[in-house]
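Report on the structure given below.
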Ligand SMILES: NC(=O)c1ccc[n+]([C@@H]2O[C@H](COP(=O)([O-])OP(=O)(O)OC[C@H]3O[C@@H](n4cnc5c(N)ncnc54)[C@H](O)[C@@H]3O)[C@@H](O)[C@H]2O)c1
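Residue numbers (our numbering): 68 to 318.
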C-alpha cells in the first residue's frame, strides 16, 4: 500500500479525475476527504470507497471561498487527526470566448475557482502539513497553462498561474519536507470534456491533432500520476509541472 496511514484531501472528487484519484488513493490505504461543490456526487464517491472497505468522508466546499476551504481542511483534520496529501484538482472549463468578447465576470469566475481555489487550498493546508513533518501537494494545472488555447484566456491564465503557484510553494516549503507539484493533463475523457463537446462523441480527426497516441486518456491515467506524486515514489520531485498529454505539446 503506497499511502498507508496517510490522510489525503482531494477537491473536485465528485467527478472525473478527482473521483478517480479518490478511489485509487483509498485503495492504496489513504484516509480520503473527498471534497466537492456538488454534495450529492461527492457523497457517492465516499460511499463507493466505503463499500470497497476504504475510509472516506464527503465534504461540501466551494474552493473559491476562503471560509469553505478553511472549513474543509479543519473538518478533515478533526475527523482523521492530521493531513499529509492535498490534491487541488477542482476546476471548471469556463466560458469559451475570444478576449474582446469575454466578460469580466467570465474571466473572474474561472480565475476564482481554478487559480484562487488552488491558492486557498495551499494556504489553509500548509500549516497542517508542516505539523505532520512534511507532505505532498498536487495542483491540477493543464497544458492550457503552457500553450495557447483559443477562447480560453481566463482558463489558460488560471492554469499558468497554478504552475507558478506550484513553483513558489515548492520553493517556500521544501525546508519543511513538503513537495509541491503540478499535473498538466492533455485531453482527458471526463464529464468536463463531454460538456466541452456538448454531448457529441469525440471527433477522430480532432483527436489526431491533440494526441500522438491518437486517443484521449481515461481519468485513471491521470489519477495514477497523482498517486505517484502523492507517494514516496516521487520523493525527489518538487516544483515541477508533469505534462501528461499523449504528446499534444510536442506536435
Ligand atoms: N478533462 C480534461 O481534458 C482536462 C484537461 C486538463 C486539465 N483539466 C483539469 O482537471 C481538473 C478536473 O477536471 P475533470 O475533467 O475531472 O472535470 P469534471 O467536471 O469531471 O470534475 C470537476 C469537479 O470539480 C467540481 N467543482 C467545480 N467547481 C468547484 C468549486 N468551486 N468548488 C469545489 N468543487 C468544484 C465539480 O463539481 C466536479 O465534480 C480541473 O481542474 C480541470 O481544469 C481537465
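In this text, a Cβ means the ideal position worked out from N, Cα and C, and glycines have one as well.
Identity of the residue in the options nearest residue i by Cα
i, options, result
"residue 228", "103, 250, 118 and 244", "250"
"residue 102", "136, 203, 300 and 121", "136"
"residue 125", "134, 132 and 105", "105"
"residue 167", "217, 230, 241 and 309", "217"
"residue 159", "79, 169, 139 and 108", "79"
"residue 284", "299, 253 and 264", "253"
"residue 148", "164, 198 and 107", "198"
"residue 201", "112, 242, 76 and 278", "242"
"residue 210", "192, 230, 194 and 204", "230"
Residue i in three-state terms, based on DSSP
i, result
"residue 249", "strand"
"residue 127", "strand"
"residue 171", "helix"
"residue 87", "helix"
"residue 233", "helix"
"residue 165", "coil"
"residue 213", "coil"
"residue 76", "strand"
"residue 203", "strand"
"residue 310", "strand"
"residue 155", "strand"
"residue 219", "strand"
Proximal residues to residue i (C-beta, below 6 Å), its chain only, five neighbours per side dropped
i, result
"residue 71", "96"
"residue 69", "95 and 298"
"residue 86", "80 and 112"
"residue 146", "124"
Chain-order list of residues whose beta-carbon lies under 8 Å from that of residue i (same chain, five-residue window excluded)
i, result
"residue 291", "91"
"residue 257", "82, 83, 84 and 286"
"residue 21", "Outside the displayed range of the chain (68 to 318) lies residue 21, so it cannot be described from this structure."
Any non-hydrogen atom of ligand 1 within 6 Å of residue i CB
i, result
"residue 268", "no"
"residue 103", "yes"
"residue 260", "yes"
"residue 325", "Because the chain is modelled from 68 through 318, residue 325 falls outside the range shown and cannot be assessed."
"residue 129", "yes"
"residue 244", "no"
Ligand 3 heavy atom lying under 6 Å from the CB of residue i
i, result
"residue 168", "In the structure on display, ligand 3 does not appear, and the ligands it does have are ligand 1."
Contacting residues, own chain, Cβ-Cβ under 7 Å from residue i (five flanking each side not counted)
i, result
"residue 244", "200 and 201"
**Q.** alpha helix (DSSP H) runs contained entirely in the region 278 to 305, provided each spans 4 or more residues
**A.** If we require 4 residues or more, the alpha helix (DSSP H) runs fully inside the region 278 to 305 come out as 286 to 297.
Q: Would you mind listing the beta strand (DSSP E) stretches within the region 97 to 150 that are 3+ residues and don't spill past its ends, in chain order?
A: The region 97 to 150 contains these whole beta strand (DSSP E) runs: 98 to 103 and 122 to 127.
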